[in-house]
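J.: In terms of the numbering used here, the sequence shown is residues 14 to 465.
Even glycine gets a Cβ: it sits at the ideal position worked out from N, Cα and C.
On a predicted model such as this, the values are computed, not experimentally measured, just so you know.
Handing you a structure now.
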Amino acid sequence: MPSVFIKTYGCQMNERDSEAVAAQLVAKGYALAPNEASADVVLLNTCSVRDFAEQKAIGKMENLIGISRKNRPDQILGFMGCMAQSRGQALIDKLPDVDLVIGTQKFHRTAEYLDDLLAGRRDKIVATEAEAGSQGAIKEHLLAGSAGKGAVTAFVSIMQGCNQHCTFCIVPSTRGAERSRTIPDIVAECRELVGRGVKEITLLGQIVTSFGKRDYPLVEGRSAFVQLLDAVHDIEGLERVRFTSPHPKGYGDDLVEAYGRLPKLVESAHIPVQSGSDRILKIMHRGYTRERFLGILQKLRAVRPDIGLTTDIIVGFPGETEEDFQLTMSLADEARFDNAYVFKYSPRKDTPAAAMPDQIPDEVIEERHARLLTRINEIGAQRYERFVGQQVEVLVEGPSKKNEARMMGRTRCGKIVLFDGDDRHRAQVMRLNIVRCGASFTLYGDPVIHLD
Ligand code: SAM
């Protein structure tokens, strides 16, 4: 039985793709290796969103080649995912020891490719062509939770690709145009997961709020995405629904209203803003203004005052002036995010922004990044402190990864809480009193004891 080790870089969609490929391989008779050294096959699932992510995966592969070709000359080495899609054959031209390159529409064929390589029927494989229907092929789950128990939470991929064409972003070329699965197909997958013990489902897509736009007409003013939320919400035994990542343009009144109407839809939203300057937002091709974005946050907070709001911000987009940057700083002050991913702008292959004049020098980007991150962290710390002394509801996922003696649960607004408990608490929805807020944005709680 050949064994496979998959290392994943990048976003939750990549994590999900890796899980589906691993589940597919297990179903086809492969074993999952505990580490790369012992594996017959090592696959790197790559990210292309920033140059740093690409360089990390290439460095890792060079490292594997150095070790593998000495100790394990028969080991199969492959790239999969976004960088595999965007670079294709060029990866093998650069690193001739690489055997396999699997693009983003070919994950479901991984076992077939490995069978051929292992049997010696083919020498090298580069599979990056588009394939109709591939968005419906990311379905299998391993559901490996901690301590050998099934997972309490699961991710479900509802669509592939992106049509927004933000001028900085490589995703439309690595993931292709938007293609959605059908609502019954997604609901069937969610039902099966709930049957296997899953309590919380996160719906995934590059822009989830654009789900099914061309396939499903509005029904009573509700978009296809809200219709999907309604259908998933109806699944008996499911406790919570999340989604990521949306686009601000998807926050119509139907979605805001869904937060008030659907109790299983948790009060949490990660809404990428990218910049606080309307001038930059326009050049980025984001399709909203600062005012519209802040208006969405206001509406969401009106419906769910405790909502946890997080975002993505890019600093140093070409032409960003100090004045533009100050607008991003002031947006952070006004929005009061619980947390934010602050990215340094990275020019990407074949994107319009990479060819724009006025690229910002690295030292300016570094300095703005540090300034914004400090502000985001200060606000985030205040947002966390507010939980101390409060009661929260958590879904217990299992032992804490850092400290196995403690159990870990997540609040509805997405915060991690550690508490003294044991395995009988797994998969339970519990109330905890928050007693303190530790470093690295972790809350500590005690179970609420009912005396009546
Ligand atoms: N769906 C999200 C949206 O609404 O834009 C995009 C998800 S993207 C894979 C994750 C984040 O990476 C983006 O929100 C953006 O902040 C960041 N990102 C994308 N391209 C980038 C680039 N060229 N340089 C720096 N950060 C980038």
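Within its chain, find whatever has a CB closer than 8 Å to the CB of residue 17; leave out the 5 residues flanking it on each side and keep chain order.
T.: Your numbering for residue 17 matches position 4 in the sequence shown. Within the same chain, residue 17 has close Cβ partners 35, 38, 43, 44, 45, 46, 52, 53, 54, 55, 56, 127.
J.: So the alpha helix (DSSP H) residue 184 belongs to, where does it begin and stop?
T.: Numbered from its first residue, the sequence shown carries residue 184 at position 171. Start and end: 184-188.
J.: Please tell me whether, using a cut-off of 7 Å, the distance from the CB of residue 170 to the nearest non-hydrogen atom of ligand 1 is below it.
T.: On the sequence shown, position 157 is the one that residue 170 refers to. Every heavy atom of ligand 1 is 7 Å or more from the Cβ of residue 170, so no.
J.: Nearest-angstrom Cα distance between residue 312 and residue 269?
T.: Taking the sequence shown and counting its residues from 1, the one referred to as residue 312 is at position 299. Taking the sequence shown and counting its residues from 1, the one referred to as residue 269 is at position 256. Roughly 7 Å between the two C-alpha positions.
J.: If you run the structure through DSSP and keep just helix, strand and coil, what is residue 126?
T.: Within the sequence shown, the letter at position 113 stands for residue 126. If DSSP states are grouped into helix, strand and coil, residue 126 belongs with the helices.
J.: Taking residue 98 as the reference, give the member of 74, 131, 58, 76 with the closest Cα.
T.: Position 85 of the sequence shown, counted from the first residue, corresponds to residue 98. It is 58 whose Cα lies nearest to the Cα of residue 98.
J.: Tell me the DSSP secondary structure of residue 409 in three-state form.
T.: Taking the sequence shown and counting its residues from 1, the one referred to as residue 409 is at position 396. Strand at residue 409.
J.: Can you grab the Cα-Cα spacing for the pair residue 142 / residue 120, in whole Å?
T.: Residue mapping note: residue 142 aligns to position 129 of the sequence shown, counting from 1. Residue mapping note: residue 120 aligns to position 107 of the sequence shown, counting from 1. Distance between the alpha carbons of residue 142 and residue 120: 11 Å.
J.: So residue 396 and residue 407 are supposed to be a Cβ contact under 8 Å. How far apart are they, rounded?
T.: As a first step, residue 396 is located in the sequence shown; it is residue number 383 there, counting from the start. As a first step, residue 407 is located in the sequence shown; it is residue number 394 there, counting from the start. Contact doesn't hold; Cβ gap of about 17 Å is too wide.
J.: Whole alpha helix (DSSP H) runs in the region 243-268 with 4 or more residues, listed along the chain?
T.: List check, alpha helix (DSSP H) in window: nothing returned.
J.: Could you check what DSSP says for residue 191 in three-state terms: helix, strand or coil?
T.: The residue labelled residue 191 in the question sits at position 178 within the sequence shown. Reduced to three states, the DSSP call for residue 191 is coil.
J.: Can you grab the Cα-Cα spacing for the pair residue 330 / residue 180, in whole Å?
T.: On the sequence shown, position 317 is the one that residue 330 refers to. On the sequence shown, position 167 is the one that residue 180 refers to. Each residue's alpha carbon lies about 10 Å from the other.
J.: Any heavy atom of ligand 1 inside 7 Å of the beta-carbon of residue 181?
T.: What you label residue 181 is simply residue 168 of the sequence shown in a count that begins at 1. For ligand 1, at least one heavy atom lies less than 7 Å from the Cβ of residue 181.
J.: Determine contact between the region 364-372 and the region 175-189, defined as no fewer than three beta-carbon pairs at a distance below 8 Å.
T.: Short answer: they touch.
J.: Quick check: what's the CA-CA separation for residue 92 versus residue 22?
T.: Mapped onto the sequence shown, residue 92 falls at position 79. Mapped onto the sequence shown, residue 22 falls at position 9. Each residue's alpha carbon lies about 11 Å from the other.
J.: Starting from residue 83, follow the alpha helix (DSSP H) in both directions and report where the run begins and ends.
T.: Against the sequence shown, residue 83 aligns to sequence position 70. 64-84 is the extent of the alpha helix (DSSP H) around residue 83.
J.: Hey, is the region 146-154 in contact with the region 193-202, meaning 3+ C-beta pairs nearer than 8 Å?
T.: Counting Cβ pairs under 8 Å, three or more are found: they touch.
J.: Measuring straight from C-alpha to C-alpha, what distance separates residue 431 and residue 321?
T.: Here residue 431 refers to the residue found at position 418 of the sequence shown. Here residue 321 refers to the residue found at position 308 of the sequence shown. Rounded to the nearest angstrom, the two C-alpha atoms are 18 Å apart.
J.: Kindly examine ligand 2 and report whether one of its heavy atoms sits closer than 7 Å to the Cβ of residue 185.
T.: Although ligand 2 was asked about, the structure shown includes only ligand 1 as ligands.
J.: Identify whether residue 495 lies in helix, strand or coil by the three-state DSSP scheme.
T.: Nothing can be reported for residue 495, as the shown portion of the chain is limited to 14 through 465.
J.: Mind the definition here: the region 75-93 touches the region 384-393 only if three or more C-beta pairs lie below 8 Å; say whether that holds.
T.: Flag = no, the region 75-93 and the region 384-393 do not touch.
J.: In the DSSP assignment, find the alpha helix (DSSP H) that holds residue 415 and state where it starts and stops.
T.: Mapped onto the sequence shown, residue 415 falls at position 402. Here residue 415 belongs to no alpha helix (DSSP H), and DSSP marks it neither H nor E.
J.: Going by beta-carbon coordinates alone, are residue 169 and residue 242 separated by less than 8 Å?
T.: Numbered from its first residue, the sequence shown carries residue 169 at position 156. Numbered from its first residue, the sequence shown carries residue 242 at position 229. It is not a contact, given that the beta carbons lie outside the stated cut-off.
J.: Helix, strand or coil for residue 397 per DSSP?
T.: Here residue 397 is taken as the residue at index 384 of the sequence shown, counted from 1. Helix.
J.: I need the DSSP call for residue 350, collapsed to helix, strand or coil.
T.: For this step, residue 350 is matched to residue 337 along the sequence shown. DSSP places residue 350 in coil when its eight states are reduced to three.
J.: Using a Cβ-Cβ cut-off of 7 Å (strictly less than) and excluding sequence neighbours within five positions of residue 446, which residues of its own chain qualify?
T.: On the sequence shown, residue 446 is found 433 positions in, with the first residue counted as 1. If we look at residue 446 and ignore the five residues flanking it on each side, its Cβ neighbours are 404, 458, 459, 461.
J.: With H, G and I counted as helix, E and B as strand and the rest as coil, what does DSSP make of residue 20?
T.: Counted from its first residue, the sequence shown places residue 20 at position 7. DSSP places residue 20 in strand when its eight states are reduced to three.
J.: Which runs of the beta strand (DSSP E), 3 residues or longer, sit entirely within the region 413-454?
T.: You should have 420-424, 429-432, 442-451.
J.: Tell me whether residue 173 is buried or exposed, calling it buried when 16 or more other Cβ atoms sit within 10 Å of its Cβ.
T.: Residue mapping note: residue 173 aligns to position 160 of the sequence shown, counting from 1. Residue 173 is buried by the Cβ-count criterion.
J.: Considering residue 113, what are the terminal residues of the beta strand (DSSP E) in which it resides?
T.: For the purposes of this step, residue 113 is taken as residue 100 along the sequence shown, with counting starting at 1. Here the beta strand (DSSP E) through residue 113 covers 113-115.
J.: Check whether the Cβ of residue 325 lies closer than 7 Å to any heavy atom of ligand 1, and answer yes or no.
T.: If you number the sequence shown from 1, residue 325 lands on position 312. Within the cutoff, so yes.
J.: Check whether the region 324-342 and the region 198-205 touch, using three or more Cβ-Cβ pairs below 8 Å as the test.
T.: As far as the Cβ criterion goes, the region 324-342 does not touch the region 198-205, which means the pair count is below three.
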